[in-house]
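Residue numbers (the UniProt record's numbering): 1 to 339.
What follows is the structure, encoded as structure tokens:
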């Protein structure tokens, strides 16, 4: 049983802690949060220790690996400390909001053989993975376009929006990773447009957008179109479509069940979409842990590595520059090559 410690006991940290505790191949070793009450609550719920400091998580021999689900500005420090302590890492996205800081981290940990995994969990969704498999098997022929729809059920709290780093670094970054995952080529051009339609006041205050569209182009001409909204009244909207010379593959939304009701005055009434990411990607979060454990036990690198996190942030920076300057931005302007 791999003993994993969880840093961060907010919403996603609590979920990860519970998943690790229930997973057949892992044991929750300990938890830590700067909010001691939150850590104590999770620790009591799952029957583990709440450590008094992050140092204790890295120093103890009772923790084999760490999962980082703390505030984004702590990720780089904790990744570097985990590597120094010889502990494999699964870190939530993004690595950081500052690409230069990410590049310094890459330089500081270069040469390590430890598995360092970034939490782009959507790669592990069964439907999304099946679309990618159809692309790579050749069933769709030459790939022409990928279309990604990602819409939250409602605005995050204002306090979160203010520290999130903006929609491209916080929300669309999952879609940038999905684009790379599906395309099989690096996007070299980015064009983005943003609007303030859901909460114009908050978005203007934070110099952010709540409704965005992004077009990515690869060197060979493959396209990806991403559309995002911070508010979809009908639920959490997550779809991926791949279109090629010989066909199309679609990964649809998920519901609690697939029954449909047909009656006088209505047809095809169905259950609402699963509420948010924890419910929608439940299977994917478990598969992500499987991949992390497999990487550690086999000595291979995980399916989503540090550089994947870095290149998704490059695309986010390019999109921000594109919106600000109203032009196509080449990723080479941002730092698109590997460090």
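Cβ coordinates follow ideal geometry from the N, Cα and C atoms, glycine included.
Going along the chain, which residues of its own chain have a beta-carbon closer than 8 Å to the beta-carbon of residue 109, five neighbours each way excluded?
For residue 109, where only same-chain residues beyond five positions count, the Cβ hits under 8 Å are 79, 80, 83, 116, 306.
Do residue 304 and residue 25 have their C-beta atoms closer together than 8 Å?
Cβ distance not < 8 Å, so residue 304 and residue 25 don't count as in contact.
With a threshold of 16 other CB atoms inside 10 Å of the CB of residue 1, please say whether the residue is buried or exposed.
Exposed, since its Cβ has fewer than 16 Cβ neighbours within 10 Å.
Closest to residue 280 by CA distance: which of 158, 37, 128 is it?
Per the Cα distances, 128.
Please name the residue in 168, 311, 232 whose C-alpha comes closest to that of residue 207.
Comparing Cα-Cα distances from residue 207 to each of 168, 311, 232, the minimum goes to 168.
Residue 89 lies in the beta strand (DSSP E); which residues open and close that run?
Segment 89 to 91, the beta strand (DSSP E) holding residue 89.
Fully enclosed by the stretch 88 to 149, which beta strand (DSSP E) runs are 3 residues long or longer?
Within the stretch 88 to 149, the complete beta strand (DSSP E) runs of at least 3 residues are 89 to 91, 116 to 118.
Decide if residue 234 is buried, meaning its Cβ has at least 16 other Cβ atoms within 10 Å, or exposed.
Counting Cβ neighbours within 10 Å, residue 234 comes out exposed, since fewer than 16 surround it.
DSSP beta-bridge partners for residue 185?
Beta-bridge pairing links residue 185 to no other residue.
Hey, does residue 16 have any beta-carbon neighbour from chain B nearer than 8 Å?
Protein chain content of the structure displayed is limited to a single chain, and chain B is not contained in it.
Exposed or buried, residue 87, counting other C-beta atoms within 10 Å across all chains shown (16 or more means buried)?
Buried.
To the nearest angstrom, how far is the alpha carbon of residue 241 from that of residue 136?
Those two C-alpha atoms are separated by around 14 Å.
Among the residues of its own chain, which have a CB less than 8 Å from the CB of residue 85, if the five just before and after it don't count?
If we look at residue 85 and ignore the five residues flanking it on each side, its Cβ neighbours are 58, 59.
How close, in whole Å, do the beta carbons of residue 180 and residue 186 come, if the pair is a contact with beta carbons under 8 Å?
Yes, residue 180 and residue 186 are in contact; Cβ-Cβ is about 7 Å, under 8 Å.
Would you be able to state if there are at least three C-beta pairs under 8 Å between the stretch 141 to 155 and the stretch 220 to 237?
As far as the Cβ criterion goes, the stretch 220 to 237 touches the stretch 141 to 155, which means the pair count is three or higher.
Between residue 300 and residue 89, what straight-line distance do the alpha-carbon atoms span, to the nearest angstrom?
Rounded to the nearest angstrom, the two C-alpha atoms are 13 Å apart.
What residues are listed by DSSP as bridge partners for residue 49?
BP columns for residue 49 point to 30.
Please state the DSSP three-state secondary structure of residue 298.
DSSP places residue 298 in helix when its eight states are reduced to three.
Which two residues bound the contiguous beta strand (DSSP E) that contains residue 261?
Segment 260 to 263, the beta strand (DSSP E) holding residue 261.
State the DSSP-derived secondary structure class of residue 286, mapped to helix, strand or coil.
Helix.
So residue 322 is in the alpha helix (DSSP H); what residue range does that whole segment cover?
From DSSP, the alpha helix (DSSP H) with residue 322 extends over 306 to 325.
Closest to residue 132 by C-alpha separation, out of 146, 165, 54, would be which residue?
Nearest C-alpha to residue 132: 146.
For residue 330, which beta-bridge partners are listed by DSSP?
In DSSP, residue 330 forms a bridge with 189.
Out of 257, 226, 230, 113, point me to the one whose CA is closest to residue 316's CA.
When only C-alpha atoms are compared, the closest one is 226.
For residue 266, is the classification buried or exposed, using 16 other Cβ atoms within 10 angstroms of its Cβ as the cut-off for buried?
Classification for residue 266: exposed.
Going by other Cβ atoms of all chains shown within 10 Å of its Cβ, with 16 needed for buried, is residue 302 buried or exposed?
By the 10 Å Cβ count, residue 302 comes out buried.
For residue 277, does the three-state DSSP call read helix, strand or coil?
Of the three classes helix, strand and coil, the one that applies to residue 277 here is helix, per DSSP.
Among 65, 10, 9, which residue has its Cα nearest to the Cα of residue 29?
Closest option to residue 29, Cα to Cα, is 65.
Please return the same chain residues whose Cβ sits closer than 8 Å to the Cβ of residue 270, not counting the five positions on each side in sequence.
Same-chain partners within the cutoff: 255, 258, 259, 260, 261.
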